[in-house]
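Below is one structure, written out as structure tokens; comments come after it.
In our numbering, the protein residues as written are 406 to 647.
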């Protein structure tokens, strides 16, 4: 009796394309990238939503570049499903191939994992790029990022979609995607140094206290007021009245 179970590909080998899910690559090199489903969009994604999500995610590459990371995010739509991958940007091949498949949920240990994959030389580049931002993060957020974020929010809040003609809606969509791209960049320009700072804090805490874990370190940050917690409270209150 033969075993017809599909064999898992060996490390470095391409995952075979299922016969009922044909894939045509615009660039054959894309077949070598690890493509993962986007957690929020595991069902077929409409084109308009895909365009907005793609603008935000790929707009975030500005933040990755500012953090001196050697890859960029790519979002593609295959057979109506969205897939996210990391593509190299001219870094040494050994470092890139170790980092290219790393797509994970945001976590404080993200940079430790990422840097261990890219090597000490690449880690020093991130430190040189991010430490100056971390040292003045309050000013960086309040004076550089937040004012522009508020400008984009004001634009969307003032847009009267119901009163627009079809031509005006087309122009608005073009402008909205442009702004969404930039908002993605602003998001990652704040996210990268924030994650790096949390990773440094976690590492320092675990060095000071033998046997300490990541959760032990992060418990010290519980309850500190921030916009994320404020928005979570708002959503919870909304759920109580819905």
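Don't be surprised by glycine CBs; every beta carbon is placed ideally from N, CA and C.
Given the structure is predicted, the values throughout are model-derived calculations rather than measurements.
For residue i versus residue j, is the C-beta distance shorter than 7 Å?
i           : j           : result
residue 488 : residue 440 : yes
residue 585 : residue 443 : no
residue 589 : residue 461 : yes
residue 597 : residue 464 : no
residue 591 : residue 550 : yes
residue 473 : residue 530 : yes
residue 539 : residue 595 : no
Tell me the rounded alpha-carbon separation between residue i and residue j.
i           : j           : result
residue 557 : residue 624 : 34 Å
residue 638 : residue 644 : 10 Å
residue 438 : residue 628 : 40 Å
residue 484 : residue 478 : 20 Å
residue 570 : residue 581 : 16 Å
residue 450 : residue 480 : 12 Å
residue 575 : residue 559 : 19 Å
residue 430 : residue 593 : 28 Å
residue 619 : residue 611 : 8 Å
residue 622 : residue 608 : 9 Å
residue 532 : residue 604 : 12 Å
residue 561 : residue 528 : 38 Å
residue 424 : residue 632 : 47 Å
residue 448 : residue 490 : 17 Å
residue 552 : residue 615 : 42 Å
residue 573 : residue 583 : 15 Å
residue 566 : residue 587 : 21 Å
residue 555 : residue 641 : 24 Å
residue 471 : residue 548 : 17 Å
residue 544 : residue 563 : 28 Å
residue 434 : residue 600 : 30 Å
residue 647 : residue 634 : 20 Å
residue 636 : residue 432 : 41 Å
residue 613 : residue 445 : 38 Å
In the DSSP assignment, the alpha helix (DSSP H) including residue i goes from what residue to what residue?
i           : result
residue 438 : That residue, residue 438, is in no alpha helix (DSSP H); it is neither H nor E in DSSP.
residue 612 : 571-613
residue 461 : 452-464
residue 566 : That residue, residue 566, is in no alpha helix (DSSP H); it is neither H nor E in DSSP.
residue 622 : 619-623
I'd like the list of long-range same chain contacts for residue i, defined as Cβ closer than 7 Å, with 5 residues on each side in sequence excluded.
i           : result
residue 578 : none
residue 455 : 482, 487
residue 606 : 622
residue 466 : 477, 478
residue 617 : 610, 611
Counting along the chain, where does the beta strand (DSSP E) carrying residue i start and finish?
i           : result
residue 489 : 486-493
residue 645 : Premise fails: residue 645 lies in the alpha helix (DSSP H), 632-646, not in any beta strand (DSSP E).
residue 561 : Taken as a continuous stretch (DSSP letters only), residue 561 belongs to no beta strand (DSSP E), being part of the alpha helix (DSSP H) at 551-563.
residue 480 : 476-483
Assuming residue i contacts residue j under a Cβ cut-off of 8 Å, what Cβ separation, rounded to an integer in Å, is found between them?
i           : j           : result
residue 459 : residue 476 : Not really, about 17 Å apart at Cβ, beyond 8 Å.
residue 419 : residue 436 : 6 Å
Going by beta carbon distance, what residues of the same chain come within less than 8 Å of residue i, once the five residues before and after it are set aside?
i           : result
residue 422 : 428
residue 537 : none
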